[in-house]
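> Would you mind keeping the following structure in view while I ask a few things?
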Amino acid sequence: MSRILLIISTICLLIGCETSSSSHKGIDIPHSTKYKTTVIETERFRIHSYTNDTIYQNCGYELVMEPHDSSANYTFEPSNGRLLRHSSDPYRFVVQPSAESFELTIIENGKDSTILKFVSPKLPSPKLAVEKFSDSVSLTLTFSDERLKQLLPKDIRYAFRLEDELSKEMTVSMDAFDTMTVKPVRLNYRNEIYDIEVE
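According to the working numbering, the residues represented by the sequence shown are 118 to 316, in order.
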């Protein structure tokens, strides 16, 4: 009980608990530099999420909502991203931010709204590793943040794109390497392909 009260107090400090009957409420999901499960108690919901350092652009992020009044009718509207419903649970979602901020508006019975606000940074860039041999060059992409790799294994997948083909590693002749343009890409949980920058 004391832990829940502490969480509620933290949310009050972040957003200012409203004593009026305002129909629009904004909730900033608290940010942390560590990955951990977060349970947030609001007037209408218990929200199970991760701290927003795990919500990276064009990555999948699970969000579970537990309404206090399950008889109410809720609609969910994303802004600056995609919202995918779970096939068998109407309150379990995957959100995919597409910009530096993502908002999820929850509308209850067609009028009262709660707005969840997330910060969604870009993933850190991978490093391009180049190994030269006598007549060829081997290229690989490495990502050093093990915590993020464990957290987002389906979103942190890198490859090189050559025309319509993708390859995790690339070996080319020395002459070809001097003239070629390397096109690294990232695949996310939906196998969508994004051009990326490398270090």
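Using N, Cα and C, we set each Cβ at its ideal position, and we do this for glycine too.
1. Are K238 and F260 close, meaning C-beta to C-beta below 7 Å?
2. Note down, in chain order, each residue of its chain lying with its Cβ closer than 6 Å to the Cβ of E286, except the 5 sequence neighbours on either side.
3. At a cut of 8 Å, does the segment 285-303 reach the segment 200-219 through at least three beta carbon pairs?
4. Whose C-alpha, out of M291, S290, A276, is nearest the C-alpha of Y311?
5. Suppose you measure from the CA of K234 to the CA of A216; what does that come to, to the nearest Å?
6. Counting only the same chain and skipping the five closest in sequence on each side, list residues whose C-beta sits under 8 Å from that of E309.
7. Tell me whether P301 sits in a helix, a strand or coil according to DSSP, three-state version.
8. Would you tell me roughly how many angstroms separate the C-alpha atoms of R209 and E263, rounded to the nearest one?
Quick look at the numbers:
1. In the sequence shown, the residue the question calls residue 238 occupies position 121. In the sequence shown, the residue the question calls residue 260 occupies position 143. For clarity, residue 238 is Pro in the given sequence; the question names Lys instead. The Cβ atoms of P238 and F260 lie no closer than 7 Å to each other.
2. Residue mapping note: residue 286 aligns to position 169 of the sequence shown, counting from 1. Taken in chain order, the residues that qualify are T257.
3. Contact between the segment 285-303 and the segment 200-219 is absent, because fewer than three Cβ pairs lie under 8 Å.
4. One-based indexing of the sequence shown puts residue 311 at position 194. Checked all of M291, S290, A276; the closest Cα to Y311 is A276.
5. Counting from 1 along the sequence shown, the entry for residue 234 is found at position 117. Counting from 1 along the sequence shown, the entry for residue 216 is found at position 99. Taking the straight line joining both Cα atoms gives about 12 Å.
6. As a first step, residue 309 must be located in the sequence shown, where it is residue number 192. For E309, where only same-chain residues beyond five positions count, the Cβ hits under 8 Å are N175.
7. Taking the first residue of the sequence shown as position 1, residue 301 is located at position 184. The answer is strand: DSSP assigns P301 an E or B state.
8. Here the question's residue 209 lines up with position 92 in the sequence shown. Here the question's residue 263 lines up with position 146 in the sequence shown. If I take the Cα positions, the gap works out to 27 Å.
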